[in-house]
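Residue numbers (my numbering): 6 to 436.
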């Protein structure tokens, strides 16, 4: 009796339609929350960008760049504090009307959010066969809701440009040993000092050529600025770089670094520099040790994320808009949770811990530390253990993630391929 032809599996169009509808409703619900999250940021009114443009006008008029000062209700006097190379990049924007500059900065930041989120999510989507467009849309909406992104947009900051340069370098150029490896990190370090720690990361992971290229790129950009503005360059690197009081009050809650934590304990007095140096040494040593181990295990994203968290802790000034690195940390936690087999007791427990941590970190970085609470405008020490916990929320979060952020060996391999290779018998040994 001839075998009957196999019946193709039926496709429930109604079920597919309802699933699509639920996804659309979920994405729209997330999008509807964004205006409420951005409402407090309206008071910023692109404050930092306006300082940049006013400083560029001042500089173009023949005045010393680092003499520009602007009063602020909370921080006192604010100056232009970026390296001279950043001034060269910003100068052409001052030739435009302010509204056009605001539009360009905002548009480029939004584009940067989309591009970087796609870079982070695409490997997770491929490994776990997640719905591509829906996952990307939800990811972008969540990233736009995070306080660091909101502060970047509403202040008119350049952080997303730095993130683009660093991620493009460390996720793509460096692993592929491209001739351009190190250029992105070098340019980011020339624009702002915060990313310079990624040069140390390249050295620690023995990416010698990329480290040399990064240093040469940063030096070349700095020398270019020195050729254009020798006096301002000399003044920045010999004096203004070391004057932390030019950036703002270190005890202000928006400064989520170890030095900010210590400053909030002793305000209005300066904290002990010795204690700070010891804490910086411990955080740097342990954090970079874990970052190197992650890199050696093939998990480039965890390595650079740990490095970013170290930078946030050890910099004297780490404003909330600097700490982008919580975003990849959440994606690493979610990926590790999806990759954990829940069919065993230990696996189920691990997945539950990872999911709880990912949700908790997301909730903290969306609510933030400065958006919805007025911490006052005068220097004052933290008055209670609860206030000490709240005013340093990002510092505690960085410290926790330095310890518990999982390393995913072979993170670039699809899960199904890894599972298949795990079940293959070992090859016989020929003697």
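Ideal Cβ positions, reconstructed from N, Cα and C, are used throughout, including at glycine.
{"query": "Sheet register partners of residue 281 (DSSP bridge)", "result": "In the DSSP output, where bridge partners are listed per residue, residue 281 has none listed."}
{"query": "Residue range of the unbroken beta strand (DSSP E) whose run includes residue 344", "result": "Here residue 344 belongs to no beta strand (DSSP E), and DSSP marks it neither H nor E."}
{"query": "Reference residue 312; option with closest CA among 200, 57, 83, 93", "result": "200"}
{"query": "Alpha carbon of residue 107 to alpha carbon of residue 161, nearest angstrom", "result": "7 Å"}
{"query": "Per-residue DSSP class, three states only, for residue 77", "result": "strand"}
{"query": "Distance between residue 285 and residue 263 (C-alpha atoms, nearest Å)", "result": "8 Å"}
{"query": "Given residue 142 as reference, the closest of 159, 163, 119 once Cα atoms are compared", "result": "119"}
{"query": "C-alpha gap between residue 349 and residue 267, whole angstroms", "result": "44 Å"}
{"query": "Classification of residue 406 by the beta-carbon crowding that lies within 10 angstroms, buried from 16 upward", "result": "buried"}
{"query": "7 Å CB neighbourhood of residue 114 in its chain, flanking five on each side removed", "result": "157, 158, 165"}
{"query": "Residue 45 beta carbon less than 9 Å from that of residue 70", "result": "no"}
{"query": "C-beta contact flag for residue 60 and residue 92 at 9 Å", "result": "yes"}
{"query": "Given residue 152 as reference, the closest of 353, 324, 393, 347 once Cα atoms are compared", "result": "324"}
{"query": "For residue 242, the nearest candidate out of 197, 222, 265 (CA to CA)", "result": "197"}
{"query": "Nearest candidate by alpha-carbon position, reference residue 55, set 35, 95, 37", "result": "95"}
{"query": "Same chain, Cβ closer than 8 Å to residue 412, five either side skipped, listed in chain order", "result": "295, 298, 299, 302, 304, 307"}
{"query": "Contact between the region 203-211 and the region 186-194 (3+ Cβ pairs under 8 Å)", "result": "yes"}
{"query": "DSSP state of residue 425 mapped onto helix, strand, coil", "result": "Its pLDDT being 47, under 50, residue 425 is placed unreliably by the model, and the measurement read from it follows with that caveat. Looking at residue 425 - three-state DSSP - the assignment turns out to be helix."}
{"query": "Sub-9 Å separation of residue 372 and residue 168 beta-carbons", "result": "no"}
{"query": "Assigned secondary structure, residue 164 (DSSP; H/G/I helix, E/B strand, else coil)", "result": "helix"}
{"query": "Rounded C-alpha distance that separates residue 47 from residue 64", "result": "28 Å"}
{"query": "Straight-line Cα distance separating residue 354 from residue 401", "result": "24 Å"}
{"query": "Paired residues, beta bridge with residue 83 - DSSP", "result": "75"}
{"query": "Identity of the residue in 123, 321, 368, 116 nearest residue 277 by Cα", "result": "321"}
{"query": "Given residue 211 as reference, the closest of 317, 179, 232 once Cα atoms are compared", "result": "179"}
{"query": "Rounded distance between the beta-carbons of residue 363 and residue 394, thought under 8 Å", "result": "No, residue 394 and residue 363 are not in contact; Cβ-Cβ is about 21 Å, not under 8 Å."}
{"query": "Option in 273, 110, 41 with minimal Cα separation from residue 388", "result": "273"}
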